[in-house]
Structures are given as structure tokens and as C-alpha cells.
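Right, one structure below, let's go through it.
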Amino acid sequence: SVASSTTLTAVSPAGSSGSVDVTVTTSAGTSATSAADTFTYGNPVVIQRAATFPVNSESVMNSSITVNPQKVGDLMILSDQLHSTSVDVTAVSGGNSGKWYLAEQFIDTPNTLTFQVWYAVATGTGSSGITLTYSAKTTLPVELIADSFTSSLAVTWNVVASGGVSNASSTSVVFPTLRSGSAPGELYWGASEEHGTGVAGTTPGFVYGQTSEANEYLDNVRLSPNSTYSPLASQTPAGVATTAGVIFSS
């Protein structure tokens, strides 16, 4: 578009890393190339799963899980699914990672469940335990899921969007509808607590996994900027379910 008599605004087409010449064509012809008209494409941001760690089966006041960060700078994710609305996790530590932050807390009152998603950035590699601190003692079961992702950038990680969904009794398992930001490298991560047996979803772009408790977790590492995502899964037989999701940027 024409911004002024001396300025044009254009959206660059897809291209490979490196410099290209930019020319302007009018009825009078095409502008000559010079060192002043170059545009440089950067390297695309690539995010991929680094490692998925063993999922802890549900147990009373489950308070630890062992992870093995692959690279300094990796995104470390931990979700806890607690069958209570009055007790939650107040702090997470360890895992060869820096400070742990709460990305999402969804309290599902109808299903009596608190769903939290925590994240940190790996500061070291090798096997290390993650420790959870609870607001009070509980005799109720907790399931933990740990996951990790790496980016081609030397990064810090941030939360772009998050949410939770309480599902009525159905075979459909609905994850939060979240909108990505403008960063070139973002991923959607979600997990579920289901009363039926989880069945991997087929939402394009999403990769699904299943825990030993028939719950599910999913990710999409190739989000388009400023786009909306609504992943689905299913369970058999029909039942209630709780889901949480977070979009992270690198």
C-alpha cells in the first residue's frame, strides 16, 4: 500500500533465509537494484518436543516426578490434576530448571477438580526430581504429567493465552479455544482428566498422547500468528472431563 509519496508498505512473501532485492514496478517501469533495497529473511523459528517423561499414575498427594532436561533453555511443563477444589499446589521446584511459574489454574467445581499447568526454563541437563508443595494435606489422588520442548532460538518462554473447560457428560473432550500471538515461534499444550477411556483426537496439526489413567495430553508446535485453535479429543464411554490448555511463545 502507498503510505506517502516516498513510502510504500508491503508484506513480504514466504522466502528462505538470506537477502533479496526489493523492486517497485509502476507504469514507468521497474526500479533498479542496489545495496539500499535489500530485505533479509531470518531463519525460521523451529519448536519441537525435546522429551516426554514418564507420567505419574494417580496417587494420594503425589508430590514428585523425575525429569531429564535435554538442553539448557528448554521449556519444561508440568501439569497437576488434583481431585479437590479446596487444595492446590502452591509451589514447584527442581527439575534442573529455574523458577517455576503457574501458567494456568482452572477450578472445575462441577467435577471437583483443580487443574494446574506450571512451566520453567531448563538451566541444566540430566536426571532431576521435581517437587510440589501443597496448600494442605490431602488424601485425594493427583496425577502429574511432565513434558518438554526445545526452540531454535536462545529463549525465554512466555505465556500467550491459557484456559480451562469443564465438559458435560459426552464422548467429546473439548480443550480451551485459545488464540496465538504474533511471535514467530509458539506452541499449544493441553491435558485432560477424563472419566472414560481417552481416544486420540484428530484435530489437524495436533499430536496426542495418552496416560496410564486414560487421560490425554496434546501439543501443536507450529502455530500460525494470530490464529485461533480449538483442539478436540474423545472418550468411551461418555463421561465428564476437565481440560486445560496454554499457548507458549519462545
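Using our numbering, read the sequence shown as starting at 1004 and increasing by one per residue. All C-beta atoms, glycine included, are put in the ideal place defined by N, C-alpha and C.
Cβ neighbours of THR1055 within its own chain (closer than 7 Å, five residues either side excluded): ASP1150, GLY1212. As DSSP reads the structure, SER1227 sits in no beta bridge. Taken atom to atom, the span from the alpha-carbon of THR1126 to that of LEU1081 is near 16 Å. The beta carbon of ASN1071 is closer than 6 Å to those of SER1130 in its chain, skipping five residues each way along the sequence. In the three-state reduction of the DSSP assignment, ALA1094 falls in the strand class. Within the same chain, Cβ atoms closer than 7 Å to the Cβ of LYS1102 are found at ALA1123, the five residues on either side in sequence being excluded. Between GLY1199 and GLY1242, the C-beta gap is smaller than 7 Å, which places the two residues in contact.
In the DSSP assignment, LEU1085 falls within the beta strand (DSSP E) that extends over 1078-1085.
Nearest neighbour of GLY1132 by Cα position, chosen from ASN1065, SER1007, THR1117, SER1172, turns out to be ASN1065.
Under DSSP, ASN1099 shares a beta bridge with no residue.
Looking at the DSSP output, SER1130 shares a beta bridge with no other residue.
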